[in-house]
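First up is the structure itself, then whatever we jot down about it.
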Amino acid sequence: MPASAKNFDQGVIDHAAPLFLNNSMGQNSHWSGIGTFSAKNTCNATLIDTRSHQSDGPAYVLTSGHCFERPYQQLIATDTDVNVAISFNNFQDTRQNRSVYTIKRVNWQSLQGTNLAIAELDAPLSRLIANGIHPLKMGHTPKTAISALLVGASYTQANALALRSCLLQTSADTLAFPSVWSNALTSQCNITTQSLSGSPMLDRESNTIIAVLGTVPLRQNAHNRCNESAPCEVIGGIAQAQQLNTQYSHTLENLSNCWKNGVLNTDPGYCSLYPATITTLSAPKPVQHYLPALPGDKHPAIFPTWDVKFSISAPFYRYKIVDRSEHCQNPADYSVAFSSSHAHITAPVGEKAGVSMLCLLGVSSENQGPLWGDLMNVRVLAVNLEEQGRAWKPAISATGYGFERPQWTELTLKRDAHFNTRYFVKSGPPASTECGSQEGYRPLADEVFEDDMFKIVRQAQPTQHCLYSHNIRNDQSAVVSYLMNKKP
C-alpha cells in the first residue's frame, strides 16, 4: 500500500542519513515517477501530473536546467530535440522492474533567474500511468521555512532512490555566474554527491513538488566562488560565500498556468515562461572588482564599466541598473528602447563596494510595454564590486607523480578575471632561468587560453617555469615557479 498523507516521511528527520527505498510490496510506488538520466550531466527528473478533465496529453518531466546542453552563452532555450534515455521505478530491491523511456524534446530550459527544465517523453502520460509509473502534482512554494522531503537517486550511491529530510527556506538573491537566481531556496540536506540535481523537493504531507534541487556545492576557494558550482548569497548588499553543506533549489511559481488540456501552453498571455527572449553575451564577464586610490599613490581609483556586448532575440531592448534582482521584474525605471543591432552597454557599474545588477529586457517595438513573461525572463547580470589593492598569484594546478619530490608532468593556469587582467610567463633551463629577474618574461595572449585554461606540458629537457600576473592597475602579483623534469 502506498504511504498515507501522514507518513510520507517514513520517520526520517532533518539532516539524517539517506534512507534507501524498497518497493517490493508497492509501499513506495507513489515515487515510481522519479527517474534518472544522463545528458550533459547525470540528473533526476520527475514525471509531472498535467492531466485535465478534457485530455491526457504528452508525458512531461521536470528537472534542472543545467542537466541538458544549451547553445553557447545562452541561459534559456526552447524546443531542443534530444534522444536521452530515462529510467523509472528506481528502487533498490526491484531493479528488474525498471522502465526505460526516451526524452525526445527539451521544451523549455532556463538558468535565467532559475535552474529548471521541462522535457517531453516519447510516450503519452496515459501509457506511463498504465505501466505503473505515477506522476506527481506540482504544489505551492512555501512562504516560510519548512521541513521538506528530497527523493532522488545518485549513481555514486547504489543508483537507487533514497529519501532525505531537509529544512527548506527562502534565500536572498544568489550569484551563480553567469546566472542570478531570484527565487532560490536553500536547504541543508545530507548530500555528498552532485548527481542528485533535478530531484524533487516534496511537501511531506501532500507529496506535491514544491521545488527542484539544482546546485550542490561541494568545494569552494578564493578563486572559485559566485559561479554555478559555488554560488554566493547576497546579504546586506554584499555577495557572501556559502557553507559547503548548503544546497540550492528552485520554485515552480511560474509554471502553474502553463498547461492546457494536458499540453504545455506557450501563449505568453497564460504562461509566464514565455516569451523566452534569448540574450547572448559576446564576452561575458564574471564578478569584477574596483581599485580605490592608494594612499600616497598617484594612481586614481579605478571603477569598472559594464562594457556588455550582446545580441537579443527582440528588435529592441531596455535596461536599468538595480541592487536587487526583484527590481528587474518591475516595469518602472527602464531606459528608453534601443535598437538591438550592435547592442553595447557601457554604463558605469558603481563607485562603492557591493552588488550591482544590470537588467536586460527585450521588447518588440520602441513603444511596447513589457509583458509579464518579458519581466519574468529578463536577463540579469551581476557584479560584486570589491575593494582590491593587489593582484593575486596565478592559480596553478599541477599534475604529476611522487610526494616528497613530485615529478610535474603538466601545469594548468586558470585565467581569473575576478582578480587579474594579464599574465606573464618565462621558461628555460633551470640553471639559467631566474624567476626573480624581469628579463625574459612574455605576456600571454588571449588566444592561448582555451575555456580560460592555459596548459604547459613536460618538455624533452628539464624546464623552469615562472609566472606572475597584473591587475588592471598593473600591480604585480607574487611569482609562482615550477621545475618540470624531462620526459622519461
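Heads up: the sequence shown begins at 2 in the working numbering, then just goes up one per residue.
A virtual CB, placed ideally from N, CA and C, is assigned to each residue, including glycine.
Given the structure is predicted, the values throughout are model-derived calculations rather than measurements.
Nearest residue (CA-CA) to Ile397, options Ala479, Glu388 and Arg380: As a position in the sequence shown, residue 397 is number 396, starting the count at 1. Of the candidates Ala479, Glu388 and Arg380, the one whose C-alpha sits nearest the C-alpha of Ile397 is Ala479.
With DSSP run on the structure shown, which of helix, strand or coil describes Gly66? For this step, residue 66 is matched to residue 65 along the sequence shown. Residue state, collapsed to three classes: helix.
Which of helix, strand or coil DSSP assigns to Asp57: Along the sequence shown, read from residue 1 onward, the residue named residue 57 stands at position 56. If DSSP states are grouped into helix, strand and coil, Asp57 belongs with coil.
Using the C-alpha atoms, what's the distance from Ile35 back to Asp94? For the purposes of this step, residue 94 is taken as the residue at position 93 of the sequence shown. For the purposes of this step, residue 35 is taken as the residue at position 34 of the sequence shown. Rounded to whole angstroms, Asp94 to Ile35 spans 16 Å at the Cα level.
For the alpha helix (DSSP H) holding Ile279, just list the boundary residues, first then last. For the purposes of this step, residue 279 is taken as the residue at position 278 of the sequence shown. First-last for Ile279: undefined, no H or E at that position.
Please classify Asp443: is it buried, with 16 or more other beta-carbons within 10 angstroms of its beta-carbon, or exposed? Stepping through the sequence shown from its first residue, residue 443 is reached at position 442. Correcting the residue type first, residue 443 is Arg in the shown sequence and not Asp. Exposed is the call here.
Local Cβ density within 10 Å of Gly370, reported as buried at 16 or more and exposed below that: Your numbering for residue 370 matches position 369 in the sequence shown. Gly370 should be labelled exposed.
Report the three-state DSSP secondary structure of Trp109 (helix, strand or coil). Counting from 1 along the sequence shown, the entry for residue 109 is found at position 108. Note: Trp109 maps to strand in three-state DSSP.
Check the C-beta distance from Asn208 over to Leu137 and give it rounded, since I have them as a contact under 8 Å. Residue numbering aside, residue 208 sits at position 207 when the sequence shown is read from its first letter. Residue numbering aside, residue 137 sits at position 136 when the sequence shown is read from its first letter. Between Leu137 and Asn208 the Cβ distance is about 7 Å, and since that is below 8 Å, they are a contact.
Contacts around Ala163, its chain only, beta-carbon distance under 8 Å, and the 5 residues preceding and following it disregarded: Residue numbering aside, residue 163 sits at position 162 when the sequence shown is read from its first letter. For Ala163, where only same-chain residues beyond five positions count, the Cβ hits under 8 Å are Pro19, Leu20, Phe21, Leu22, Val152, Gly153, Ala154 and Ser155.
Going by CA-CA distance only, name the one from Ala333, Val323 and Gln110 that's closest to Pro276. The sequence position of residue 276 within the sequence shown is 275, counting from 1. Closest by alpha carbon: Gln110.
Measure the C-alpha to C-alpha separation of Ala242 and Leu176 and round it to an integer number of angstroms. Looking up residue 242 in the sequence shown gives position 241. Looking up residue 176 in the sequence shown gives position 175. If I take the Cα positions, the gap works out to 10 Å.
Out of Glu388, Gly215 and Lys310, point me to the one whose CA is closest to Tyr249's CA. Residue 249 sits at position 248 when you count from the first residue of the sequence shown. Residue Gly215 is the option with its Cα nearest to Tyr249.
6 Å CB neighbourhood of Val235 in its chain, flanking five on each side removed: On the sequence shown, position 234 is the one that residue 235 refers to. The residues are Ala173, Asp174 and Val356.
Using 10 angstroms around the beta-carbon of Leu295, count the other beta-carbons present and answer buried if the total reaches 16, otherwise exposed. Locating residue 295 in the sequence shown gives position 294, where the first residue counts as 1. Label assigned to Leu295: exposed.
Can you tell me which of the three DSSP states Leu372 falls into? Translated into the one-based positions of the sequence shown, residue 372 becomes position 371. Looking at Leu372 - three-state DSSP - the assignment turns out to be coil, as it is neither helix nor strand.
Less than 7 Å between C-beta atoms, sequence neighbours within five positions excluded: which residues of the same chain meet that for Ser273? Position 272 of the sequence shown holds residue 273. So the qualifying residues of the chain are Asn255, Trp373, Gly374 and Met377.
For Ile134, the three-state DSSP class (helix, strand or coil): What you label residue 134 is simply residue 133 of the sequence shown in a count that begins at 1. Three-state result, Ile134: coil.
For Phe92 and Met2, the rounded distance between their alpha carbons: Residue mapping note: residue 2 aligns to position 1 of the sequence shown, counting from 1. Residue mapping note: residue 92 aligns to position 91 of the sequence shown, counting from 1. Bear in mind that the predicted position of Met2 carries a pLDDT of just 45, short of 50, making it too unreliable to give a figure here.
Runs of 4 residues minimum, wholly inside the stretch 172-198: which ones carry the alpha helix (DSSP H) assignment? none
In the DSSP assignment, find the unbroken beta strand (DSSP E) run with Ala344 in it and report its ends. Residue 344 sits at position 343 when you count from the first residue of the sequence shown. Start and end: Ala344 to Ile346.
Asn385 lies in the beta strand (DSSP E); which residues open and close that run? Taking the sequence shown and counting its residues from 1, the one referred to as residue 385 is at position 384. Run containing Asn385: Arg380 to Leu386, per the beta strand (DSSP E) assignment.
If you reduce the DSSP assignment to three classes, tell me which class Ser312 lands in. Here residue 312 corresponds to residue number 311 of the sequence shown, with the count starting at 1. Reduced to three states, the DSSP call for Ser312 is strand.
Under the three-state reduction of DSSP, which class applies to Cys436: helix, strand or coil? If you number the sequence shown from 1, residue 436 lands on position 435. Cys436: coil per DSSP, three-state reduction.
When you compare only the Cα positions, how much space is there between Asn475 and Ile457? As a first step, residue 475 is located in the sequence shown; it is residue number 474 there, counting from the start. As a first step, residue 457 is located in the sequence shown; it is residue number 456 there, counting from the start. Going by the C-alpha atoms only, they are around 24 Å apart.
What separation, rounded to the nearest whole angstrom, lies between the Cα atoms of Glu435 and Gln477? By one-based count along the sequence shown, residue 435 stands at place 434. By one-based count along the sequence shown, residue 477 stands at place 476. Computed Cα separation, rounded: 17 Å.
Could you tell me if Arg96 is buried or exposed, where buried requires 16 or more neighbouring beta carbons within 10 angstroms of its beta carbon? On the sequence shown, position 95 is the one that residue 96 refers to. So Arg96 counts as exposed.
So, using beta-carbon positions, are Leu150 and Ser166 closer together than 9 Å? In the sequence shown, counting from the first residue as 1, residue 150 sits at position 149. In the sequence shown, counting from the first residue as 1, residue 166 sits at position 165. Going by C-beta atoms, Leu150 is nearer than 9 Å to Ser166.
Inter-residue Cα distance where the pair is Ser5 and Tyr61: Reading the sequence shown from its first residue, position 4 is the one you call residue 5. Reading the sequence shown from its first residue, position 60 is the one you call residue 61. Low confidence applies to Ser5: its pLDDT is 48, below 50, so where it sits in the model is not reliable enough to give any reading.
Could you check where the beta strand (DSSP E) with Asp10 kicks off and where it finishes? Within the sequence shown, the letter at position 9 stands for residue 10. From DSSP, Asp10 is part of no beta strand (DSSP E); its letter is neither H nor E.
Roughly how many angstroms lie between the CA atoms of Gly437 and Leu282, to the nearest whole one? Numbered from 1 along the sequence shown, position 436 holds the residue referred to as residue 437. Numbered from 1 along the sequence shown, position 281 holds the residue referred to as residue 282. Their Cα atoms are separated by approximately 39 Å.
Any idea which residues DSSP pairs Gly363 with across the strands? Along the sequence shown, one-based indexing puts residue 363 at 362. Beta-bridge pairing links Gly363 to Tyr318.
Going by DSSP, what residue range makes up the beta strand (DSSP E) through Ile210? Along the sequence shown, read from residue 1 onward, the residue named residue 210 stands at position 209. Note, Ile210: beta strand (DSSP E), Ile210 to Thr216.
Near Ser314, which residues of its chain fall below 6 Å by C-beta distance, leaving aside the five closest residues on each side in sequence? Along the sequence shown, read from residue 1 onward, the residue named residue 314 stands at position 313. So the list reads Thr278 and Ile279, once near-sequence residues are dropped.
Can you tell me where the beta strand (DSSP E) holding Leu295 begins and where it ends? The sequence position of residue 295 within the sequence shown is 294, counting from 1. Element bounds for Leu295: n/a, residue is neither H nor E.
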